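Okay, structure first, notes after.
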Amino acid sequence: MVKYYLSVGEVDAPIVVESYVNLGCPHCVNYFEAAYTTFEDYIDQGELKHIIKHDDRTNGQLLKGTVANAHLDYEKPEKSYEQMRELFKTQKTWSSSYDVLLSTLNRHFYLKEEQESGARSKHAKADIESREVTEVPTVFINGAKFTFDFDDSIEGISELLQKEIRERLTPTE
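Sequential numbering from 1 applies to the sequence shown in UniProt numbering.
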């Protein structure tokens, strides 16, 4: 069975975050790092599931992100989650050319294109259209759209995510 999304965390976690990103998107870099560091403890405690939905686009730098995503093995979610983080952190180095990108994927990560990537991309496209996602990053927390300034710092985005998660985990009387 094809895993259409990269998912980390408990299946029945009370908080579900869906992150629509593209590895080639400069705006996604700060968001992903903020999400990664903010969600880490919540995932470990079984309180949060993070579903990364890669938006495969074919224009400019986003196409390089699509190519990179095609090399991630979603059957190994924790490893691919770490690789995705590293790809975002090093985006400026590999997004300059396809040769550098492919060299990074093959020599640094030892990745090859996954056979399921076409099916993943097709499934993701249908989901993206049904949710009316028009830009990346786009984030939903328990189905509600989470908004933030794309130009915010990692710390700024992290603070907003922390606040949102704490509010959702705090029982209302």
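Backbone N, C-alpha and C define an ideal beta-carbon position, used for all residues, glycine too.
Quantities reported herein were computed from a predicted structural model and do not represent experimental measurements.
(request) Quick one: residues in its chain with C-beta nearer than 6 angstroms to the C-beta of residue 94, no 5 flanking neighbours on either side, listed in chain order? (result) 100, 101 and 104
(message) residue 72 and residue 114 - do their beta-carbons sit closer together than 8 angstroms?
(response) yes
(request) Starting from residue 110, follow the alpha helix (DSSP H) in both directions and report where the run begins and ends. (result) Neither: residue 110 is in no alpha helix (DSSP H) and is coded neither H nor E.
(request) May I ask which residues mark the beginning and end of the alpha helix (DSSP H) holding residue 74? (result) Per DSSP, residue 74 belongs to no alpha helix (DSSP H) and is neither H nor E.
(message) Give me the residue from 151, 24 and 146 with the minimum Cα distance to residue 163.
(response) 146
(message) Tell me the residue span of the alpha helix (DSSP H) that contains residue 100.
(response) Where residue 100 is concerned, the enclosing alpha helix (DSSP H) starts and stops at 98-103.
(request) Assuming residue 28 and residue 109 form a contact by the criterion Cβ under 8 angstroms, report the distance between their Cβ atoms to the nearest whole angstrom. (result) The distance from the Cβ of residue 28 to that of residue 109 is about 18 angstroms, inconsistent with a contact at the 8 angstroms cut-off.
(message) Under DSSP, the beta strand (DSSP E) around residue 6 begins and ends at which residues?
(response) 6-8
(message) What does the Cβ neighbour count give for residue 112, buried or exposed, with the cut at 16 atoms within 10 Å?
(response) exposed
(message) Assuming contact is defined by CB atoms lying nearer than 8 angstroms, are residue 35 and residue 54 in contact in what I supplied?
(response) By the CB criterion at 8 angstroms, residue 35 and residue 54 fall outside the cutoff.
(message) Quick check on the DSSP output: the alpha helix (DSSP H) that includes residue 121 runs from which residue to which?
(response) Here the alpha helix (DSSP H) through residue 121 covers 117-130.
(request) Please report how far the alpha carbon of residue 83 lies from the alpha carbon of residue 106, in whole angstroms. (result) 12 angstroms
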